[in-house]
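Student: One structure coming up, written as structure tokens, with questions to follow.
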Amino acid sequence: MIITRTPFRVSFAGGGSDLASYYQHGRGVVLSTAINKYMYIAVKEHFEQNFRISYSRTEIVDSVEQIEHPIVRECLDSLGLRRGLEIVSMADLPARTGLGSSSSFTVGLLHALYAMQGKVATRERLAREACCIEIERLREPIGKQDQYIAAYGGLQFIQFNPDSSVYVDPVILSPEARREFSRRLLIFFTGDTRDARQVLAKQQASTAGKLPVLRRMCQIASEMRDVLTSGRDLNVFGALLHESWEAKRSLTDSISNSRIDELYERGIRAGALGGKVLGAGGGGFLLFFCEPHHQRALREELAELRELTFSLDPEGSKVVHVGSERD
Numbered sequence: 000m001i002i003t004r005t006p007f008r009v010s011f012a013g014g015g016s017d018l019a020s021y022y023q024h025g026r027g028v029v030l031s032t033a034i035n036k037y038m039y040i041a042v043k044e045h046f047e048q049n050f051r052i053s054y055s056r057t058e059i060v061d062s063v064e065q066i067e068h069p070i071v072r073e074c075l076d077s078l079g080l081r082r083g084l085e086i087v088s089m090a091d092l093p094a095r096t097g098l099g100s101s102s103s104f105t106v107g108l109l110h111a112l113y114a115m116q117g118k119v120a121t122r123e124r125l126a127r128e129a130c131c132i133e134i135e136r137l138r139e140p141i142g143k144q145d146q147y148i149a150a151y152g153g154l155q156f157i158q159f160n161p162d163s164s165v166y167v168d169p170v171i172l173s174p175e176a177r178r179e180f181s182r183r184l185l186i187f188f189t190g191d192t193r194d195a196r197q198v199l200a201k202q203q204a205s206t207a208g209k210l211p212v213l214r215r216m217c218q219i220a221s222e223m224r225d226v227l228t229s230g231r232d233l234n235v236f237g238a239l240l241h242e243s244w245e246a247k248r249s250l251t252d253s254i255s256n257s258r259i260d261e262l263y264e265r266g267i268r269a270g271a272l273g274g275k276v277l278g279a280g281g282g283g284f285l286l287f288f289c290e291p292h293h294q295r296a297l298r299e300e301l302a303e304l305r306e307l308t309f310s311l312d313p314e315g316s317k318v319v320h321v322g323s324e325r326d
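Residue 145 in numbering that gives the first Met the number 0 sits at position 146 of the sequence shown; the count goes up by one each step and never skips.
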């Protein structure tokens, strides 16, 4: 049995520039980090030589073509795996909450399937093939950042080039700088989930008319990286996060809503310097950047929301168990 652990992610700025509708016109960039919340995938050979797939439901089928879970079906088909397997997924957090869980699933499953064959897959290969599965084979209207941060982990500045190549540039911080940065990040669950595909499909359709906004969002991602690596006042990062959110919510009317706007404004009034809805928008988790001495007031103001305790994670997808069922 193989078990992989693949992180979820928090994206700070540049989201939307990882869509082909943007980076075909010029380089897209995002600043994103992996966090210590994970997707776990367990894969083992199935004695009965059929397929048993367990996620929010359980499928038992005789062939790959009969599998209804699209990502599982396409991953198995792309790797030419036809022998019986049992695949089980477990996650620390619910799906459709803006933390890239779908791509973490894809990367983690590919990683486990390669390991089942005794093969070592590079981070680049996992990310590239996950993009192929989701974007090319399944025609999902999504970008590439989630697959790359899931595979690579860490705090990354990721560039998306017009030729479809991707460059991952680690953002190197001292332990003290990392600690000071991470202690200013707070995440709250709005209680709402949403289908990112609908939000992103609208965003794709409106990209041509929003190129100046997206270019500014890319500039903000670059400026954020510079703030973190230069030792400048971290409050500047908070101000940039606020500007980025105002830009992002202008892309389509489905990114925010009246409830999200109200929660965000309450957070700012309580002392947060900036924030955003994580992921495509429309629900899920709210991120705030807040100085430590204002955090008590922020938590009290948003007391009806559940806070997510987390830390930055330096690792990407990894195999955490190799062995038999008896191990």
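In this text, a Cβ means the ideal position worked out from N, Cα and C, and glycines have one as well.
Give the straight-line distance between the Cα atoms of residue 115 and residue 305, rounded to the nearest whole angstrom.
Tutor: Going from the Cα of residue 115 to the Cα of residue 305 covers about 38 Å.
Student: Within 10 Å of its beta-carbon, does residue 292 have 16 or more other beta-carbons around it, so buried, or fewer, so exposed?
Tutor: So residue 292 counts as exposed.
Student: Please give me, in chain order, every unbroken run of the alpha helix (DSSP H) with length at least 4 that falls completely inside the stretch 223-292.
Tutor: Entirely contained in the stretch 223-292, the alpha helix (DSSP H) runs reaching 4 residues are, in chain order, 234-247, 257-268.
Student: Would you please state the rounded distance, in angstroms, between the beta carbons of residue 4 and residue 209? I believe it to be under 8 Å.
Tutor: In fact, because the Cβ distance is near 36 Å, the residues do not count as touching under 8 Å.
Student: Kindly list the residues whose CB is nearer than 7 Å to the CB of residue 246, restricted to its own chain and excluding five residues on each side of it in sequence; keep chain order.
Tutor: Within the same chain, residue 246 has close Cβ partners 212, 215, 216.
Student: List the residues that DSSP assigns as beta-bridge partners of residue 61.
Tutor: For residue 61, which the question treats as bridged, DSSP gives no partner whatsoever.
Student: Using the rule of at least 16 other Cβ atoms within 10 Å of the residue's Cβ for burial, across every protein chain shown, is residue 89 buried or exposed?
Tutor: By the 10 Å Cβ count, residue 89 comes out exposed.
Student: Between the alpha carbons of residue 48 and residue 56, how many angstroms are there, rounded?
Tutor: Roughly 20 Å separates the two Cα atoms.
Student: Hey, how far is the Cα of residue 65 from the Cα of residue 40?
Tutor: Residue 65 and residue 40: Cα-Cα distance of roughly 20 Å.
Student: What are the boundary residues of the beta strand (DSSP E) that residue 320 is part of?
Tutor: It spans 317-321 - the beta strand (DSSP E) in which residue 320 sits, taken as one unbroken run.
Student: Relative to the C-alpha of residue 287, which residue among 107, 154, 267 is closest?
Tutor: Minimum Cα distance to residue 287 is reached at 267.
Student: According to DSSP, simplified to helix, strand and coil, what is residue 165?
Tutor: Strand, per DSSP.
Student: Leaving aside the five residues before and after residue 145 along the sequence, list all residues of the same chain whose C-beta is less than 7 Å from its C-beta, in chain order.
Tutor: 8, 99, 102.
Student: Go through its chain and collect everything with a Cβ distance to residue 30's Cβ below 7 Å, but skip five positions before and after it.
Tutor: Once the five neighbours on either side are set aside, the close Cβ partners of residue 30 are 11, 12, 13, 156, 220, 223, 224.
Student: In whole angstroms, what is the alpha-carbon distance linking residue 295 and residue 284?
Tutor: Straight-line Cα distance between these residues: approximately 19 Å.
Student: With C-beta atoms as the reference, is residue 21 less than 7 Å away from residue 206?
Tutor: Result yes, Cβ atoms of residue 21 and residue 206 sit closer than 7 Å.
Student: Work out the CA separation of residue 249 and residue 119 for me, nearest whole Å.
Tutor: Going by the C-alpha atoms only, they are around 43 Å apart.
Student: The alpha helix (DSSP H) with residue 146 in it runs from where to where?
Tutor: Its alpha helix (DSSP H) spans residues 144-151.
Student: Residue 35: which of 183, 125, 152, 299 sits nearest, CA to CA?
Tutor: Considering only alpha carbons, the answer is 152.
Student: How far does the alpha helix (DSSP H) with residue 75 in it extend, from its first residue to its last?
Tutor: Residues 69-77.
Student: Quick one: give me the first and last residue of the beta strand (DSSP E) that residue 155 is part of.
Tutor: Segment 154-159, the beta strand (DSSP E) holding residue 155.
Student: Comparing alpha-carbon positions, which option in 73, 87, 16, 74 lies nearest residue 44?
Tutor: Comparing Cα-Cα distances from residue 44 to each of 73, 87, 16, 74, the minimum goes to 87.
Student: Measuring straight from C-alpha to C-alpha, what distance separates residue 176 and residue 51?
Tutor: Spanning the two alpha carbons is a distance of roughly 46 Å.
Student: Apart from the five residues on each side of it in sequence, which residues of its chain come closer than 8 Å, Cβ to Cβ, to residue 70?
Tutor: Here the set comprises 101, 104, 105, 108, 132, 133, 137.
Student: Run through DSSP, which three-state label would residue 326 get?
Tutor: Residue placement at residue 326 cannot be trusted, given a pLDDT of 48 that sits under 50; the coordinates are not used to answer.
Student: Which residue wins for smallest C-alpha separation from residue 1, given the options 113, 307, 273, 158?
Tutor: The candidate whose alpha carbon is nearest that of residue 1 is 113.
Student: At which residues does the alpha helix (DSSP H) containing residue 114 begin and terminate?
Tutor: First-last of the alpha helix (DSSP H) with residue 114: 100-115.
Student: Based on the DSSP secondary-structure assignment, which residues constitute the bridge partners of residue 37?
Tutor: Its beta-bridge partners are 6.
Student: Give the DSSP-derived three-state secondary structure of residue 309 in the structure shown.
Tutor: Residue 309 falls in the coil class under three-state DSSP.
Student: Do residue 125 and residue 94 have their CB atoms nearer than 7 Å?
Tutor: Their beta carbons are not under 7 Å apart, which means residue 125 does not touch residue 94 by this criterion.
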